[in-house]
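This report concerns only the one structure given below.
2 protein chains.
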Amino acid sequence: MPWLWAAAAHAPGPRRPAPAGAAAEPWREPAAGSAALRGAGRGAAAAAAMSAWRGSRCGSLCLGGRAAARRSALLRQRAGTGTGTGTGPCSGNGGGVRAGAGGFRPSRVAVVAKTTRYEFEQQRYRYAGLSEDDLRQLLALKGSNYAGLLERHRIHTKNVEHVVDSLRNERIEVRLVKRREYNEETVRWADAVISAGGDGTMLLAASKVFDKFKPVIGVNTDPERSEGHLCLPVRYTHSFPEALQKLYRGEFRWQWRQRIRLYLEGTGINPVPVDLHEQQLSQEQHSRAHINERFQDQRSDISGPHLLPVRALNEVFIGESLSSRENFKSCKPSFKFSLHRASYYEISVDDGPWEKQKSSGLNVCTGTGSKAWSYNINKVANQAVEEILNIAKKHGSLNTPLNTELIQKVTNDYNDSLLYSPEEPKMFFSIREPIVNRVFSSSRQRGFSSKVCVRSRCWDACMVVDGGTSFEFNDGAIASILIDTEDALCTVLLEE
Amino acid sequence: MPWLWAAAAHAPGPRRPAPAGAAAEPWREPAAGSAALRGAGRGAAAAAAMSAWRGSRCGSLCLGGRAAARRSALLRQRAGTGTGTGTGPCSGNGGGVRAGAGGFRPSRVAVVAKTTRYEFEQQRYRYAGLSEDDLRQLLALKGSNYAGLLERHRIHTKNVEHVVDSLRNERIEVRLVKRREYNEETVRWADAVISAGGDGTMLLAASKVFDKFKPVIGVNTDPERSEGHLCLPVRYTHSFPEALQKLYRGEFRWQWRQRIRLYLEGTGINPVPVDLHEQQLSQEQHSRAHINERFQDQRSDISGPHLLPVRALNEVFIGESLSSRENFKSCKPSFKFSLHRASYYEISVDDGPWEKQKSSGLNVCTGTGSKAWSYNINKVANQAVEEILNIAKKHGSLNTPLNTELIQKVTNDYNDSLLYSPEEPKMFFSIREPIVNRVFSSSRQRGFSSKVCVRSRCWDACMVVDGGTSFEFNDGAIASILIDTEDALCTVLLEE
């Protein structure tokens, strides 16, 4: 989004961004868990909210004329469709959507297809100058089931074709793009984006969509093997026309998934995103490039905070690049050892006091992400709960005998408490594998919050958004992490 | 250790290595916790053990003539020194050690000095073609305290000089090497190795020492800022001559820290270690090199298991390179997204059934490592214990009211149960951030074991030893991870 990026880069902006949820958004019910299942009477409220929004936000976010046009188109449309449950978003290209009463009829759909493992292995070995036959041999030698990989690849391809054909049968214009070809232009062109793959593909597809009213819909193309929490129920993978009909008839619910926005300020920052999928530089080149760049940045006037041109649907991870998912970062080899895995930083939660931390990184997630990595970081195992209760028993504070049922109940209750609705405008932060010693504080290691500020004390760290986009985050940089309901991602809920 | 590597590479070796602790090692007491504090009467036992060892082990490990000579020198020495508490190890170069009654008098000492952050920043910016003055400016701009970094660097340098001078005053030959210059030749030359830095430097120094009777001693050169669990008590940093006198007079205890050995077998393996500190290739070059190499390997006869030429003092970490500490690994950028952070593998604990796992990697540690990363992976926070006990209370199974004292006691007891003595020949494995779903098993996620076998289902994974040495570990490879008491590292315990 160059225009948004430019706006963010030049607007001075608030030194401390307003806390999340500040913007009025009446069509998101407070009881967010069930909000997605009620859509009635949103039209008028939306109109009010939108006009309020235009007045109050346009300056601060510097949305261009196209965006404003989009909003008013929406107002007309909402007014027209009244209380239809599936009130349709307006298009990103000035009203190409044929929206029936409460229904949603995109005229242009971009389908983003994942790269299968078969394709990956193919790429990798071609890259090494080997033939398809070599690939077959190699995979066999590796104990990988070549036939199996090929089979999964065919299933995926078949499912993608099914989706594309279903769309074209409805005379919908379709652009089928590989993840690598997927770009802002395609997003602008489309009224809706369909990700064909798993959750990873859905994250990628969503990452380029900034328009709150441009739906992103996930189709799980490998239902037997992947979970696809962010995708439509698996039965629609094989009966996509049915899903389309439900969209047309408005037999669905919109779900706005909250996303995290990031501001970067301070010295030594480099607000240019690095796409982990396109990174081609060698370590050395990259190192030189970035250091000189940063050096120039710093010599020049240091503005900030910068609103970064990405939104996190699952999570933001901050950590030394050696422990984060970014693996091209410049870092003198002789140094990796001392780096080890620890990340140093200071953290302030909800404008509270700054606290030093040393850990395997920091994870800040949304309700959507609370079911993903954050959950795996924080959940406890039966085994641990059993041991903890046994110790409590030893200290004479348990009256009932320990049975597996109780252990399971306690485990489930604890782990369930880590999950919350994708529509709730709040974040959950987790200090990952905190290192507690005389220097570093042992206070709250996780919790809900509406704003997290992090001051980097890292040497070669990065801030990774949904495992896909990365920003340098070294000593001197300060990140403000918060939810603004304007950044929500529009998705579709269909019943099982 | 080329000779050891060659031996490992050509010896067929057992398909399943014998479980840890098989080799007799009478001078390691069963109650390992206190073993280090008792040394009396080890001499004769050692002699017996050693001769037994020579008979039973020499074939399988293919130790060369030098090693055998080393052993007999030891036998002579042990016989001579009888029951002295600080029975001195023999030298790596055929008896250069002047061992008094129970004392330890090395004649050649290698001092391995860490790279300070100041030196790192200097390297990094010189590398980018900037001057010392630019560095000063840049660090200031970054909010880093240039004076502070310089100060820490000077403290370190001063402490290193103190150690070197103390040694030379005793007419001990000293080789002062930077971590980068530290190599096998230096190890062979030295009777003892002193690491001057923190735990990271100690790990590096130990990683190249395979002789169980060549002591490695850690001096913490930045006591105010680093913990140095593996180093001598901090007071000896400033009074190193006192430490030397105690070594001479035998007023210390040997501590043999158990280490993990690794066997790699199967297809698609590449048992060549990659030193993370010397890795200079660009991703592309590296990718090509390794793939073609592997391709050749696989075409040729696949032997195994290979005994890898490293021993882990802290831990072995297995995971996709994106989640491990190795950051040069070849991986098509387009693929990182799907990779995300999950590692797929199968695990068998103590020859139990194979179980599928999907997680943020696998950590297998020693008693030494149980206080390091493994501890941070597994420890619970007060906060979590409080919530768990509250839930148990809600289920009516707590009789005493919850007070902070109880919570603290339970937390401490649980976390203490994760620690064990460095001398115990057992390992603790942790499945890190396990992902539990219908496909992957949720059974035991951590525990003590004497042997862990892992079958890789990873695409671009590595096995990282003590954060410093890495091996490719992709689909088709099988690792056997176990403790052999012959691999123990000889260290010195001095009272506070």
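Keeping their order, the protein sequence lines are chains A and F.
Here the UniProt record's numbering is used: position 317 in the first sequence is 317, and no number is missing along the way.
Here the UniProt record's numbering is used: position 217 in the second sequence is 217, and no number is missing along the way.
Think of the CB as a built atom: it goes at the ideal place given N, C-alpha and C, for glycine as much as any other residue.
What you are looking at is a predicted structure, and each value in this text was computed from that prediction instead of being measured.
- Contact check between the segment 421 to 434 of chain A and the segment 456 to 468 of chain A: fewer than three CB pairs, one atom from each, fall below 8 Å, which does not count as touching.
- In this structure, the beta-carbon distance from Leu135/F to Tyr125/F falls below 8 Å.
- When the five nearest sequence neighbours on each side are left out, the beta carbons in the same chain lying within less than 8 Å of the beta carbon of Gly447/F are those of Val349, Phe428 and Phe429, in order along the chain.
- Contact annotation for Leu398/A against chain F: Ala392, Ser397, Leu398 and Asn399 [CB-CB distance below 8 Å, chain order].
- Among the residues of chain F, none has a CB under 9 Å from the CB of Arg108/A; the nearest is roughly 24 Å distant.
- Under the DSSP assignment, Ala147/F falls outside any beta strand (DSSP E), being part of the alpha helix (DSSP H) whose first and last residues are Tyr146 to Asn169.
- With contacts defined as CB atoms closer than 8 Å, Arg253/A and Leu489/A fail to qualify as a contacting pair.
- Collapsing the DSSP output to three states places Pro309/F in a strand.
- Runs of the alpha helix (DSSP H) lying entirely within the segment 114 to 142 of chain F and spanning at least 4 residues, in chain order: 117 to 127 and 132 to 141.
- About 6 Å separates the CB atoms of Leu308/A and Leu264/A; that is less than 8 Å, so the two are in contact.
- In this structure, Val174/F keeps its C-beta atom at 8 Å or more from the C-beta atom of Ala196/F.
- Residue-level contact check: Leu418/F does not touch chain A, since none of the beta carbons of chain A fall below 8 Å from its beta carbon.
- With the criterion set as a beta carbon lying under 8 Å from some beta carbon of chain A, the members of the segment 405 to 435 of chain F are Leu406, Lys409, Val410, Asp413, Tyr414, Ser417, Glu433, Pro434 and Ile435, in sequence order.
- A Cβ-Cβ separation of about 10 Å leaves Asn363/F out of contact with Ser370/F under the 8 Å criterion.
- For Val187/F, same chain residues with a beta-carbon under 6 Å away, outside a window of 5 residues either side, are Lys208 and Val209 in chain order.
- In the structure shown, the three-state DSSP call for Phe213/F is coil.
- In chain A, no part has a C-beta under 9 Å from the C-beta of Val216/F; the shortest such distance is about 15 Å.
- Not flagged as an interface residue toward chain F: Leu135/A, since no C-beta distance is shorter than 8 Å.
- Not one beta carbon of chain F lies nearer than 8 Å to the beta carbon of Leu489/A.
- Against chain F, a Cβ distance below 9 Å from Arg444/A picks out Ala381 and Gln383.
- Fully contained in the segment 373 to 460 of chain A are the following beta strand (DSSP E) runs of length 3 or more, in chain order: 427 to 431, 446 to 449 and 451 to 456.
- Residue environment: Pro401/A is assigned as exposed (fewer than 16 neighbouring CB atoms within 10 Å of its CB, all protein chains considered).
- Nearest CB-CB separation between Ile194/A and chain F: not below the 8 Å threshold.
- Taking a beta-carbon distance threshold of 8 Å, Ile155/A does not count as an interface residue toward chain F.
- Under the three-state reduction of DSSP output, Gln245/A falls in the helix class.
- In this structure the segment 175 to 182 of chain A does not lie against the segment 145 to 152 of chain A, because fewer than three pairs of beta carbons, one per stretch, are closer than 8 Å.
- Pairwise C-beta distances place the segment 469 to 479 of chain F in contact with the segment 266 to 273 of chain F, as three or more of them are shorter than 8 Å.
- With a threshold of 8 Å between beta carbons, Asn376/F makes contact with chain A.
- Neighbours of Ile388/A across chain F, judged by C-beta separation under 8 Å: Val380, Val385, Ile388, Leu389, Val410 and Tyr414.
- Neighbours of Ser360/F across chain A, judged by C-beta separation under 9 Å: Trp373, Asn376 and Ile377.
- The C-alpha of Leu230/F lies about 14 Å from the C-alpha of Glu315/F.
- The residues Leu398, in chain order, have a CB closer than 6 Å to that of Ala392/A in the same chain once the five nearest residues on each side in sequence are set aside.
- Going by C-alpha positions, Ile483/F is about 22 Å away from Asn376/F.
- Listed as beta-bridge partners of Arg253/A by DSSP are Leu493/A.
- In the structure shown, Thr368/A falls within a coil segment according to DSSP collapsed to helix, strand and coil.
- Ranked by how close their Cα comes to the Cα of Arg105/A, the residues Val177/A, Leu232/A, Val193/A and Met202/A have Val193/A in first place.
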